[in-house]
Amino acid sequence: MTTKDGAAPENLDKMQENLARVEELTQRLIGVLGARKPVNPSLNAPSPELFTTAAANYWAEMLENPQRIYEHQLEYWGKSVTHFMEAQQAFMKEGFAAPEDDTPTDKRFSNPLWQSHPYFNFVKQQYLINAEALRKAVEDVDDLEETDKRRLHFFSEQIIDMLAPTNFLGTNPDALEKAVETDGESLVKGLENLVADLEANDGELLVKLVDESAFELGENVASTPGKVVYRNKIMELIQYAPATEEVHRTPLVIFPPWINKFYILDLKAQNSLIKWIVEQGYTLFVVSWRNPGRAEADFGMGDYVESGILEAIRVIREITGEKQINAVGYCIAGTTLNLALAYMKAKGDTSVKSATFFTALTDFSDQGEFTPFLQDDFVDAIEEEVAEYGVLRSVIMSRTMSFLRSNDLVYTPAIKSYMMGETPPAFDLLYWNGDSTNLPGKMTMEYLRELCQKNAFVEDGLELLGERLHIRDVTVPTFAATCESDHIAAWRDCYRGFMQAGSRNKTFIVSQSGHIAGIVNPPSKKKYGHYVNTDLPKTPQDWWDNARFHEGSWWPRWEAWLKKRSGKMVPARTPGAKGYEPLCDAPGSYVVEKPVV
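Following my numbering from start to finish, the sequence shown increments by one per residue and tops out at 794.
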């Protein structure tokens, strides 16, 4: 292989100098790996029983029905041998050229050498043949429970993705070309990036996706003006400065998920839902959750309801003098807002006029892509993890989320950073994605055991704060915004829970795109549309079959719904009130707090 201009590297001395720098980096690497806090090994893969059961079933199938197994094996052998022969013939006939290639398009193999170079083309095609054979082997495993079949499929796909030739220097033409062109500098920079990422995460490998130096909270992200007007052990309450002379009488509060920081809703100004809401004439409050450490290990779901949601509502009513507020819950905070509303129903509390849910699950009967991680072996391992550290460390959650989209969030960034020595891009969404939080141990286990595994909230009811709470007890007017390609809270699963709520006034929409981009979808971008069906049939498929597509963001549609429930216009309110004097500027102190674990 040559450089792009066909010349061999000229500066061998420089390459030797670069390679010598590896020694220093190697010592740093050894040091950080020696000091790492290892993840419970049970969180790296399912229990061996899954693979043992799958292998036993595969063997039993082979004995009972050998014809199908042999057919698949012979097909694999035949394709491999034919592929080798075609490559040999093409080389003899055409010289240094690859055979005809009709493999499907794959962005991992975009370098022209994957098509034209016989070595890289052979490696690619054989990888695709191997991947197909492994998938068929998994399909051949019968007599497994559906849950185990899903898990086996997920982990086999992880193996397939991990073994892609692009993930190895010797079979990645982009990385090899870059190494030659830079006299080895790219490899040294890549090793520096690798060591830096390990050092940043106590020896655990999390690929940095973004140039963190490009962003500063309160400056170019989370910069909408506001004040922290209340703080307790679990949250800070931010009241945003008005952008209009008058505002709707009924205030609005957003409860973001505490798995990440609140400012996903306040990235750069043109993407900020928070800024947009304020500009529509609303008195807006947003909760910024504390990033818990060992001292907060005993925070439970009840604390997030009582000291989080209910306390925020109480404070907002006192600051504004209003008897009712409108509330929004995003993701896990939407689940918890449902719990709070059921609790308020039991107590006769009518403080919430309406509730909006962004990608919020309440029915966990179908665990979707999280199925591999919600079985007892993994949940038991998480229980051991939180018993040791007091929290579910952010590195565990980040790693799990990343491997749900491993090619996009693990391998491709790792190739660019570690093999090619590139600096990650300056992208605000990825900056937020990397600013993850711990989860309190008690809350984590309550959520996993009671909600995810037992599905208590829609089955027999969830015991919380001295009450048995059920989804049917949620009776306020509700609006649900879900996302078409959401892999965290699939819209169909959201719909099932939404339909079981006791509300008579319900609106349900599906935005294009995923869990984040479908929600953070400003009208000015004119990027993603949304689906609407004012009828609410029993099944999500029936809803989808009769839904109508609308161009543009769903934000204006939601605001029109919200406006009807927000009262007349009153003079704009400045942040704070007597007894609630501002404590500091937004985005506050909890958003930058580094917990002790």
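Every residue, glycine too, gets a C-beta built ideally from N, C-alpha and C.
Predicted model, so just to flag it, every value in this text is computed and none were measured.
Residues sharing a beta bridge with residue i, DSSP
i	result
Thr-553	Val-525, Phe-676
Tyr-777	Ala-774
Leu-373	Per DSSP, none; premise fails for Leu-373.
Leu-449	Leu-481, Asn-523
Thr-704	Phe-676
Tyr-728	Val-707, Phe-746
Pro-610	Partner(s): none; Pro-610 has no beta bridge.
Tyr-437	Gly-423
Trp-486	Met-432
Leu-589	Leu-636
Glu-443	Pro-768
Secondary structure of residue i, DSSP reduced to three states
i	result
Val-407	coil
Asp-742	helix
Gln-709	coil
Thr-634	coil
Leu-384	helix
Pro-569	helix
Glu-790	coil
Met-616	helix
Arg-762	coil
Thr-200	Summary for Thr-200: the model assigns pLDDT 44, below 50, so the residue's position carries little reliability; its value from the coordinates is reported in the next sentence. Thr-200: coil per DSSP, three-state reduction.
Val-576	helix
Trp-455	coil
Leu-659	strand
Gly-785	coil
Pro-737	helix
Glu-664	strand
Pro-768	strand
Leu-414	strand
Gln-224	helix
Gly-367	helix
Phe-317	helix
Asp-299	coil
Asn-398	coil
Between the CA atoms of residue j and residue i - distance to the nearest angstrom
i	j	result
His-667	Phe-624	41 Å
Tyr-787	Val-483	13 Å
Ala-774	Lys-765	21 Å
Gln-467	Pro-720	10 Å
Ala-769	Thr-441	7 Å
Thr-363	Pro-370	8 Å
Ser-750	Ala-677	14 Å
Ala-539	Asp-670	5 Å
Asn-630	Arg-514	32 Å
Thr-300	Gln-322	7 Å
Gln-355	Gln-436	44 Å
Met-642	Thr-447	36 Å
Ala-217	Ala-232	24 Å
Val-576	Leu-606	23 Å
Thr-532	Gly-526	7 Å
Phe-705	Asn-730	7 Å
Ser-551	Trp-758	10 Å
Trp-311	Gln-564	38 Å
Nearest to residue i (by Cα), restricted to the options the options
i	options	result
Arg-163	Ser-383, Trp-752, Asp-732	Nothing can be reported for residue 163: it is not among the residues displayed for the chain, which extend from 198 to 794.
Asn-237	Arg-305, Asn-635, Arg-590	Arg-590
Pro-674	Lys-651, Ala-698, Arg-665, Arg-689	Ala-698
Glu-519	Pro-610, Gly-565, Ser-548	Ser-548
Ser-614	Asn-318, Met-696, Asp-339, Ala-393	Ala-393
Leu-384	Ile-435, Pro-569, Glu-214	Glu-214
Phe-351	Glu-336, Pro-621, Asp-340	Glu-336
Thr-672	Gly-545, Phe-496, Trp-486	Gly-545
Val-502	Glu-515, Ile-513, Ala-492, Asn-535	Asn-535
Val-377	Ile-522, Met-617, Asn-327, Ile-529	Met-617
Lys-154	Glu-647, Glu-493, Ala-611, Glu-566	Outside the modelled stretch of the chain, which goes from 198 to 794, sits residue 154, for which no answer is possible.
Ile-685	Pro-454, Phe-459, Ala-783	Pro-454
Cys-528	Ala-509, Glu-508, Thr-553	Thr-553
Tyr-479	Thr-609, Asp-500, Ser-763	Ser-763
Asp-574	Leu-507, Thr-344, Ala-492	Thr-344
Contact belief for residue i with residue j at Cβ below 8 Å, rounded distance in angstroms
i	j	result
Lys-211	Asp-463	Contact flag wrong, Cβ pair sits at about 46 Å.
Trp-740	Tyr-692	6 Å
Val-425	Cys-781	5 Å
Asp-683	Thr-556	6 Å
Asn-718	Tyr-728	Not quite, the Cβ-Cβ distance comes to about 13 Å (not below 8 Å), so this is no contact.
Leu-449	Leu-481	5 Å
Pro-637	Phe-496	4 Å
Cys-680	Gly-711	5 Å
Arg-491	Val-793	6 Å
Val-418	Lys-465	6 Å
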